[in-house]
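Asks: Residue numbers (our numbering), protein chains in the order written: chain A, 1 to 115; chain B, 1 to 115.
Here it is: the structure, laid out below.
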Amino acid sequence: AQSVSQHNHHVILSEAASLELGCNYSYGGTVNLFWYVQYPGQHLQLLLKYFSGDPLVKGIKGFEAEFIKSKFSFNLRKPSVQWSDTAEYFCAVIPFGSGTYKYIFGTGTRLKVLA
Amino acid sequence: GAVVSQHPSRVICKSGTSVKIECRSLDFQATTMFWYRQFPKQSLMLMATSNEGSKATYEQGVEKDKFLINHASLTLSTLTVTSAHPEDSSFYICSASLAGSTEAFFGQGTRLTVV
Chain A
1 AQSVSQHNHH VILSEAASLE LGCNYSYGGT VNLFWYVQYP GQHLQLLLKY
51 FSGDPLVKGI KGFEAEFIKS KFSFNLRKPS VQWSDTAEYF CAVIPFGSGT
101 YKYIFGTGTR LKVLA
Chain B
1 GAVVSQHPSR VICKSGTSVK IECRSLDFQA TTMFWYRQFP KQSLMLMATS
51 NEGSKATYEQ GVEKDKFLIN HASLTLSTLT VTSAHPEDSS FYICSASLAG
101 STEAFFGQGT RLTVV
């Protein structure tokens, strides 16, 4: 079965620290890849997405992610986190050719940034 | 970005009663909406795909007679949890996408507690 793994369930960082959140998926075909963020009390919002082309994708708020096909990975990074980045982050995959836009989500990573 | 509104955000109901959750696309038309369920410390699991003007498509293991979905208009989908039991207590989230786009816009979610 297709699945998405996020290895870090809770991450605590100090402001200005660098962030990397892991995401791996299990699907052998072409995929669309996403990172969503949910700030406390708010809706899930799109951070960035990858469909094709340059495997290094830049999103909003200084986030970026790199698609490494050979590793089935799409890790999220930010060079210097801020207190306002405290949120829950979800990696998601749409297997290409699934017929509809069905997301498969990871379990999420709760990030807490200490001021 | 497009806005999806979900109502109510929290509901407590007695075991055996039914609960209706609404999902509205506020500034766009959505021919397809999706309903997810999230258990604590687990990922969002797709329950069903709601199609305007036709029957919903349910994922394997989801009881269609228990989770009734109605997508009567291009801006409204409803999920009714019938004869709710404590094990139905969960966080339910809907999403919708613009035509031709895989980016999903999410509602704020509904926390259902069955007592």
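C-beta: ideal position from N, C-alpha, C; glycine also.
Note that this is a predicted model, so its numbers are computed, not measured.
#1: Counting only beta-carbon atoms, is GLY53(B) nearer than 8 angstroms to chain A?
#2: Taking all protein chains shown into account, do 16 or more other C-beta atoms lie within 10 angstroms of the C-beta of ILE21(B), making it buried, or fewer, making it exposed?
#3: Do you know whose CA, among GLY62(A), GLU15(A), ARG110(A) and TYR25(A), lies nearest TYR103(A)'s CA?
#4: Does any residue of chain A have a CB that is nearer than 8 angstroms to the CB of ALA30(B)?
#5: Kindly list, in the order they appear in chain A, the residues whose Cβ is closer than 7 angstroms to that of GLU103(B).
#6: Expressed to the nearest angstrom, what Euclidean distance is found between the alpha-carbon atoms of LYS112(A) and GLY59(A)?
#7: Quick one, which residues of the region 87 to 98 of chain B are near chain D if we go by CB-CB under 7 angstroms, in chain order?
#8: So GLY106(A) packs on SER43(B), CB below 8 angstroms; how close in whole Å?
#9: How long is the line joining the alpha carbons of SER15(B) and PHE91(B), rounded to whole angstroms?
#10: Indicate whether at least one CB of chain A lies closer than 8 angstroms to the CB of GLY107(B).
#11: Only counting runs of 3 or more residues, tell me where the beta strand (DSSP E) segments fall wholly within the region 22 to 91 of chain B, in order along the chain.
Replies: Reading off the structure:
#1: no
#2: buried
#3: TYR25(A)
#4: no
#5: LEU46 and LYS49
#6: 20 angstroms
#7: Chain labels in this structure do not include chain D; the protein chains are A and B.
#8: 6 angstroms
#9: 17 angstroms
#10: yes
#11: 32 to 38, 44 to 51, 67 to 73 and 76 to 81
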